[in-house]
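**Q** Going by the numbering used here, the first residue of the sequence shown is number 1, and it counts up by one from there.
Where a beta carbon is used, it is the ideal one built from N, C-alpha and C, also for glycine.
Values in this document were obtained by computation on a predicted structure and should not be read as measured data.
One structure follows; several queries about it will come next.
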Amino acid sequence: MRKPLIAGNWKMYKTVGEGVELVEALLRDLGDTHDREVLVCPPYTALHALSSLLQETPIMLGAQDVFYEAQGAFTGAIAPGMLKDVGCQYAIVGHSERRQIFGESDELINRKLRAALAAGLRPILCVGEIKPQRDAGQAEAVVVGQVKAGLAGVSASELLNTVIAYEPVWAIGTGDTATPADAQAMHATIRGTLAELYDQATADQIRIQYGGSVKPDNVDELMSQPDIDGALVGGASLKADSFLRIIQFR
Ligand code: PEP
């Protein structure tokens, strides 16, 4: 039984004060979360303050990215151990904005993912095709390639601590969501790839989140698909009422 993971990626939004305000509002109205996991991924600057606030609560803390070295002369980078130290349980790697704006390769993302695992963080590996690739019928090949490259050198036991997020790039921040059927089809393909790389029993335990304009009015249908095990939410995670409704999907 896979426990769905609802994660909010705040991107480069929210000061410390605004982040505290949002988390306080979430905690106030969170309701029963025994059958789901909830995660917020604020900017690095808010991690310390939110870590204190989230102690002994059902909301977990994650980072939006992580570097692969433990320490050193890497100006601007944050080490996996530093994220653990500040109270993070998760780190997103390979978000499409990192791939596109910062030019991150599959190889770099794989190094980040393995470093996160080695430090005891749970990586969320984002994969997804861009619109021209979907239009050209290449979506599956692109996503399968990203999954395989992202997981290179990862053992089955490490995979159990890894989450995959399928985020079609054309659906991110656009209001244009994949249909539940299209999302389900890609999730099933990803699970099939995991079964091929590892084995079916392992693949069946891995959570595959959907991301791309998840909103209160589409979350229930997306989450009703058999291979969709949670949501990675950008815009709609920035307001308490919309994120709470997504957390409380039925
Ligand atoms: C994201 O940033 O991962 C994302 C899915 O954003 P949005 O929900 O705004 O499309």
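Which residue wins for smallest C-alpha separation from A178, given the options Q200, G211, V163 and H48?
**A** Out of Q200, G211, V163 and H48, G211 has the C-alpha closest to the C-alpha of A178.
**Q** Considering only the alpha carbon of each residue, which of E97, S157, P226 and D229 lies closest to A171?
**A** Ranking E97, S157, P226 and D229 by Cα distance to A171 puts E97 first.
**Q** Nearest to A7 by CA position, among S157, F102, G137 and L125, is which residue?
**A** Of the listed residues, the one whose Cα sits closest to A7 is L125.
**Q** With DSSP as the reference, label I92 as helix, strand or coil.
**A** I92: strand per DSSP, three-state reduction.
**Q** Taking all protein chains shown into account, do 16 or more other C-beta atoms lie within 10 angstroms of the C-beta of T162, making it buried, or fewer, making it exposed?
**A** By the 10 Å Cβ count, T162 comes out buried.
**Q** Considering only heavy atoms of the ligand PEP, does any lie closer than 6 Å to the CB of G31?
**A** Because no heavy atom of the ligand PEP lies under 6 Å away, the Cβ of G31 does not count as near it: no.
**Q** By a C-beta neighbour count over all protein chains shown, 10 Å radius and 16 as the cutoff for buried, is E37 buried or exposed?
**A** So E37 ends up on the buried side.
**Q** If you count every other CB in all the chains shown that lies within 10 Å of the CB of R122, and 16 or more means buried, which is it?
**A** When all chains shown are included, R122 counts as buried.
**Q** Which parts of the stretch 170-232 are runs of the beta strand (DSSP E), unbroken and 3 residues or longer, counting only runs that do not cross its ends?
**A** The qualifying runs are 208-211.
**Q** For E18, which three-state DSSP category applies?
**A** Correct three-state label for E18: helix.
**Q** When you compare only the Cα positions, how much space is there between S224 and Q248?
**A** If I take the Cα positions, the gap works out to 13 Å.
**Q** Since A115 contacts V66 with CB under 8 Å, what's their CB separation in whole angstroms?
**A** About 7 Å; that satisfies the 8 Å criterion.
**Q** Could you pull the DSSP bridge partners for L238 from this structure?
**A** Beta-bridge pairing links L238 to no other residue.
**Q** Pick from A79, K84, P132 and Y68: whose alpha carbon is nearest that of I109?
**A** Comparing Cα positions, the closest option is Y68.
**Q** To the nearest angstrom, report how far apart L47 and V20 are at their CA atoms.
**A** For L47 and V20, the distance between alpha carbons rounds to 10 Å.
**Q** Looking at the structure shown, is L53 part of a helix, part of a strand, or coil, going by DSSP?
**A** Correct three-state label for L53: helix.
**Q** How many Å lie between H34 and E107 at the Cα?
**A** Their Cα atoms are separated by approximately 36 Å.
**Q** Sorted by chain position, which residues of the same chain lie with C-beta nearer than 6 Å to T251's C-beta, five sequence neighbours on each side aside?
**A** Look at the range of the chain in this structure, 1 to 250, and you will see that residue 251 is not part of it.
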